[in-house]
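Student: Numbering (our numbering), first residue to last: 519 to 800. We put the CB at the ideal spot given by N, CA and C, even for glycine. If you're wondering where the values come from, they're calculated on a predicted model, not measured in any experiment.
(1) Can you tell me where the alpha helix (DSSP H) with residue 592 in it begins and where it stops?
(2) Looking at the secondary structure, which residues open and close the alpha helix (DSSP H) in which residue 556 lies?
(3) With distances taken between CB atoms, is the gap from residue 614 to residue 570 smaller than 8 Å?
(4) Give the DSSP bridge partners of residue 632, in chain order.
(5) Where does residue 598 fall in DSSP's three states?
(6) From residue 759 to residue 749, what does the alpha carbon distance come to, in whole angstroms?
(7) Got a sec, what are the start and stop residues for the alpha helix (DSSP H) residue 606 sits in?
(8) Would the stretch 553–564 count as touching the stretch 585–592 if we require 3 or more Cβ pairs under 8 Å?
(9) Helix or strand or just coil, what does DSSP make of residue 614?
(10) Check this for me: beta carbons of residue 634 and residue 619, under 8 Å apart or not?
(11) DSSP state of residue 733, grouped into three classes?
(12) Could you check how far apart the C-beta atoms of residue 611 and residue 605 are, in whole angstroms? I think they sit under 8 Å.
(13) Kindly identify the DSSP beta-bridge partner or partners of residue 831.
(14) Taking the alpha carbon of residue 559 as the reference point, which residue from 584, 679, 583, 592 has its own alpha carbon closest?
(15) Give me the DSSP bridge partner(s) of residue 563.
(16) With H, G and I counted as helix, E and B as strand and the rest as coil, what does DSSP make of residue 619?
(17) Please look up how many angstroms separate the CB atoms of residue 623 and residue 631, rounded, as I've assumed it's under 8 Å.
(18) Going by the beta-carbon positions, is the gap between residue 625 and residue 643 smaller than 8 Å?
(19) Exposed or buried, residue 584, counting other C-beta atoms within 10 Å across all chains shown (16 or more means buried)?
(20) If you draw a straight line from the C-alpha of residue 565 to the C-alpha of residue 594, how long is it?
(21) Count the other C-beta atoms from every protein chain shown that fall within 10 angstroms of the C-beta of residue 602, then say buried if there are 16 or more, exposed otherwise.
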């Protein structure tokens, strides 16, 4: 047999032991390896699923390496990993569909990564280079981040679809004349908010008017005081003129009487003063 099966139908009727025995006869191996013997003792739970890409490329399995036959047996007797490794899921490395692991075998690597004796590249291998080489660690972290980001985008899209469905239901209720309960609660909240705002505005308005009136009263008092001071100043100036010319102020008699009743000019001046004083009293 120059190659393994080109499809799953050719291996469906061949048990693992017979398949490996045929491989060994073609490869002229004297006996199976210890890993092959252990895997042959396990029950087969599935047929090996070959990637369509591997079949289209016309690739064949090599009989030289025991790891290839061990990987095929692991694909048949192992179990699916809950989270596929980076090479199986993202890079699609290896000839098999799915990420299959066998507990306690291949140093933790999956069957795809064990194929071709390259198990150390697997995320599950106990000696994975990602644990020792920063370059591989960065590449692995970036690949896993891209995988997680894709899953999160799907979750976000589902959440957005649910929100759109809820909005459509609310719009349908509004069209039927049934306003959502949340709208009523919002109306009560807005009304109570407006009432509180009006109640707060009234004391502020009264306080502002009180301040304005008090300031006006102080200004009026200051103006009255200024007028009184001006009046006192004018009286003092008038008194100075009276003292300088030798006559009394408002309502006073002349201090000096002229001989023989005074001159006619002085009588005329006195009558003029009387008119000014009368106007001042009025």
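Tutor: With the given structure in hand:
(1) For residue 592, the enclosing alpha helix (DSSP H) begins and ends at 584–595.
(2) Going by DSSP, residue 556 is part of the alpha helix (DSSP H) stretching over 552–558.
(3) No, the Cβ-Cβ distance between residue 614 and residue 570 is not below 8 Å.
(4) According to DSSP, residue 632 bridges with nothing at all.
(5) In the displayed model, residue 598 falls within a strand according to three-state DSSP.
(6) Roughly 16 Å between the two C-alpha positions.
(7) Here the alpha helix (DSSP H) through residue 606 covers 604–607.
(8) Taking one beta carbon from each stretch, the stretch 553–564 and the stretch 585–592 have 3 or more pairs nearer than 8 Å; the two touch.
(9) It is a strand residue.
(10) The answer is no: Cβ separation not under 8 Å.
(11) Three-state DSSP puts residue 733 in a helix.
(12) The Cβ separation is near 4 Å, so the contact holds.
(13) Only positions 519 to 800 of the chain appear in this structure, which leaves residue 831 out of reach.
(14) Looking at the Cα atoms, 592 is the closest of the given residues.
(15) Paired residue(s): none; residue 563 is not in a bridge.
(16) Strand at residue 619.
(17) For a cut-off of 8 Å, the C-beta gap from residue 623 to residue 631 is around 12 Å, too long to register as a contact.
(18) For residue 625 and residue 643, yes; Cβs fall inside 8 Å.
(19) Looking at its Cβ environment, which holds 16 or more other Cβ atoms inside 10 Å, residue 584 is buried.
(20) Each residue's Cα considered, the two are about 6 Å apart.
(21) Its Cβ being crowded by 16 or more others within 10 Å, residue 602 is buried.
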